[in-house]
Amino acid sequence: MQTLTGVGVCAGRVIGELVSMPKPVSEPATGLSLQDEEPEAAVARLQEAAAAVKAELKRRAEAATEKDAADVLKSTALMAGDKALLKNAAKLITGRGLAPERALWEAASDYADQMRALGGYMAERAADIQDVRARLVCQLQGLPMPGIPQRDEPFVLTAEDLAPADTATLDPTKVLALVTSGGGPQSHTAILARNLGLPAVVAARDVEGVSDGTEVYVDGATGEIRTEPGADERELVEAWVRSAGARSGFDGRGVLADGTEIPLLANVGTPEDARAAAAAGAQGVGLLRTEFCFLGRDQEPSVEEQVEQYTAILASFPGKKVVVRTLDAGADKPLPFLTDTSEPNPALGVRGYRTDRAVPGVLARQLEAIARAEEATDAEVWVMAPMIATTTEAQEFARLAAAAGLRVPGVMVETPSAAVTADQILRHVQFVSLGTNDLTQYTMAADRMMGALAELNNPWQPAVLRMVRSTVQGAREAEAEGAGPRNVGVCGEAAADPALAVVLVGLGVHTLSMSARGLAPVAAVLRSVDMGTAQALAALAVQQPSAEEAAAAVRAELGVLAELGL
């Protein structure tokens, strides 16, 4: 037996045969030129190929049952018809006499290199460009399109990383689990695996050395892959199946064994997400991503359009708290009317709250829309700004929220500066919410989109846990100085890890917000511990020298995880 390790991104235990994604399409020969074809005809053939690929991706988007999958396919379809890409390729055909597949390859490669140089989310878009490049070359050469292998029996799918259009269309009744040698906790593979509830491990570098057809055991919680599984592994899989009932039910109340209430909220980004979260029993919304109103648009949506969209979400949670995050544009969410995509380092650039400096008035109009949506519903609206780094920014945001008539202002803690000055920030706002994805990225100085840095981009990092602790201490100091009750929540992916949820509660976090799928398992584990135990485990985790040792030390003390198959 060989044991490989990666980063577990979605819990689950399965055994199945390993099947690799087909090898990528071969690069057309350097200098491959037109033969008997006229340049104009070659350009027309390229445009026809692009139209065919775009139409196929749009068809698949319309057939997709998951909204996230449909959105990914629509985005990839748009890229297949990108005018700049096709124009650059056409120039290589008419100017240098290159064959259309070679011209397209060079134009797309240059485009991908530019995206990588920008870093952050833009670097991740390079994989999308390469996916489109492969599809267009296959179309031009009459080859089958890249895609998920077709098998009669269920299997474990492995790849270096999966293109968005592939992850968006995989069949979870055939694919038992995903294992990639690249990617990271925030890759398309990881995000869609969580949405599908599919066991997944990323950044498992040695998996490429395992032959197709090898039977493997995959644990999506611990990140382990074992070849030639035996009786012990089969019992672990059976235990996972037996405990399904205990993991699946959430009664709408997050509570510890001693009765301490820990509200469990949902992260949502669309009205559909909100309805699903309400149906799953979420006690409210801890993160409403408002970008859905703005993405894919060439100009800012009107206040009336925003009011309509926000109202549709708030209506799903009458009488419950809904924490609305103002526009988090920039970095991984560039907007043509608001952000500068030529920034050398978008993750450290004009993003989130900072975009209001670039285009003054966008934030005020959004706050007006949020306030009007609150008036139209019975939801209890809290509003927070992303990417806050100073007390002055927090104070100014509180002023803007008050001017719009919003009563409960707060900010995201994503930067170390916000964590260590939380006492000062919380003199001006009533709550903070820890965005552990970005807080980890900035604390560890590691781009969260890079698979090579996946071990650093782990919220179990003791340094990140200390940032959480510092934030909670800041809230207590603000309260002691007469600021009134101050709430500290977590809305990053860390909240959906049941073991880490215990640690966060032990550090003093008041509320946890996650995807709707995470509510039941987190609630089940929290019910098994009292506050004293949670505090002891938090202290244990903070004292460890590494993320791996912190997670292992805590998991060893939580026997309920094995009982639940987590």
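Each number in my numbering corresponds to the 1-based position in the sequence shown with 4 added. From the three backbone atoms N, C-alpha and C, an ideal C-beta is built for every residue, glycine too. For clarity, every value in this text was computed on a predicted model and none was experimentally measured.
Selected residue, minimal CA-CA separation from Ala-167, among Gly-186, Thr-264, Thr-177 and Lys-62: Gly-186 is the residue among Gly-186, Thr-264, Thr-177 and Lys-62 whose C-alpha sits nearest the C-alpha of Ala-167.
Residues bridged to Asp-223 [DSSP beta-bridge criterion]: Per the DSSP secondary-structure output, Asp-223 pairs in a beta bridge with Arg-17 and Glu-228.
Which of helix, strand or coil DSSP assigns to Ser-437: In the three-state reduction of the DSSP assignment, Ser-437 falls in the strand class.
Local conformation of Ser-247 per DSSP, three classes: It is coil, neither helix nor strand.
Option in Pro-413, Ala-121, Gly-256 and Leu-331 with minimal Cα separation from Gly-522: Of Pro-413, Ala-121, Gly-256 and Leu-331, the residue nearest in Cα terms is Gly-256.
Cβ neighbour criterion (16 or more within 10 Å) applied to Glu-242: Exposed: under 16 other Cβ atoms inside 10 Å.
Pick from Ala-393, Arg-490, Leu-89 and Val-494 that is closest to Leu-292, judged by C-alpha positions: Looking from the CA of Leu-292, the closest CA among Ala-393, Arg-490, Leu-89 and Val-494 belongs to Val-494.
As assigned by DSSP and simplified to three states, the class of Arg-293: Residue state, collapsed to three classes: strand.
Environment of Gly-12 [buried if 16+ CB atoms lie within 10 Å]: With 16 or more other Cβ atoms inside 10 Å of its own Cβ, Gly-12 counts as buried.
Arg-137 versus Leu-147 - alpha carbon distance: Their backbone Cα atoms lie some 13 Å apart in a straight line.
Same chain only: Cβ atoms within 8 Å of Glu-265, ignoring 5 sequence neighbours per side: So the qualifying residues of the chain are Arg-257, Gly-258 and Val-259.
Assumed close pair Pro-413, Val-433 - CB separation to whole angstroms, cut-off 8 Å: Going by Cβ atoms, the distance from Pro-413 to Val-433 rounds to 5 Å, so yes, they are a contact pair.
Cross-strand partners of Arg-329 (DSSP beta bridge): In DSSP, Arg-329 forms a bridge with Arg-293 and Met-388.
Where the alpha helix (DSSP H) through Phe-159 begins and ends: Unbroken run through Phe-159 is the beta strand (DSSP E), 159-163; no alpha helix (DSSP H).
Beta-carbon spacing of Asp-170, Asp-135 below 9 Å: Cβ atoms of Asp-170 and Asp-135: closer than 9 Å.
Three-state secondary structure (DSSP) of Glu-265: Strand, per DSSP.
Beta-carbon contacts of Ala-281 that lie in its chain and below 6 Å, excluding the five residues immediately before and after: If we look at Ala-281 and ignore the five residues flanking it on each side, its Cβ neighbours are Ala-270, Val-272 and Ala-520.
Within 9 Å, strictly: CB atoms of Asp-132 and Ser-79: The answer is yes: Cβ separation under 9 Å.
Cβ-based neighbour list, Ile-19, same chain, cut-off 6 Å, excluding 5 preceding and 5 following: For Ile-19, where only same-chain residues beyond five positions count, the Cβ hits under 6 Å are Tyr-221, Pro-233 and Val-241.
Buried versus exposed call for Gly-439 [16 or more other C-beta atoms within 10 Å across all chains shown]: Around the beta carbon of Gly-439, a 10 Å sphere encloses 16 or more other beta carbons of the protein chains shown; the residue is thus reported as buried.
Val-558 - DSSP class collapsed to helix/strand/coil: Assigned with DSSP and collapsed to three states, Val-558 falls in helix.
Start-end ranges of the beta strand (DSSP E) lying completely within the stretch 500-524, minimum 3 residues: Restricting attention to beta strand (DSSP E) runs no shorter than 3 residues, the stretch 500-524 encloses them at 515-518, ordered along the chain.
Proximal residues to Glu-219 (C-beta, below 8 Å), its chain only, five neighbours per side dropped: If we look at Glu-219 and ignore the five residues flanking it on each side, its Cβ neighbours are Ile-19, Gly-20, Glu-21, Leu-22, Thr-231, Glu-232 and Pro-233.
DSSP-derived helix/strand/coil call for Ala-74: Per DSSP, reduced to three states, the secondary structure at Ala-74 is helical.
Whole-angstrom distance between Arg-209 and Glu-31, CA atom to CA atom: Approximately 24 Å, taken between the alpha carbons.
Separation of Leu-89 from Arg-470, as counted between CA atoms: One C-alpha to the other measures close to 46 Å.
Beta-carbon proximity check, Ala-479 vs Arg-490, cutoff 9 Å: Yes; because the gap between Cβ atoms is below 9 Å, this pair is in contact.
Length of the line joining the Cα atoms of Asp-427 and Ala-484: Going by the C-alpha atoms only, they are around 10 Å apart.
Nearest residue (CA-CA) to Val-160, options Ile-229, Ala-368 and Thr-537: Just measuring C-alpha positions, the residue of Ile-229, Ala-368 and Thr-537 sitting nearest Val-160 is Ile-229.
Alpha carbon of Ala-84 to alpha carbon of Ala-54, nearest angstrom: If you take the alpha carbons of Ala-84 and Ala-54, they lie about 6 Å apart.
Terminal residues of the alpha helix (DSSP H) in which Ala-368 lies: Looking at the DSSP string, the run of the alpha helix (DSSP H) that includes Ala-368 is 366-379.
Distance, Ala-405 Cα to Arg-358 Cα: Roughly 16 Å between the two C-alpha positions.
For Glu-212, the nearest candidate out of Leu-565, Ala-566 and Thr-9 (CA to CA): Just measuring C-alpha positions, the residue of Leu-565, Ala-566 and Thr-9 sitting nearest Glu-212 is Thr-9.
Beta-carbon gap between Val-476 and Phe-435 smaller than 9 Å: Not a contact, by the Cβ cut-off of 9 Å.
Beta-carbon proximity list for Lys-27, same chain, < 7 Å, skipping 5 on both sides: By the criterion of a C-beta distance shorter than 7 Å, Lys-27 is surrounded by no residue of its chain, once the five residues flanking it on both sides are discounted.
For Met-25, the three-state DSSP class (helix, strand or coil): The three-state secondary structure of Met-25, taken from DSSP, is coil.
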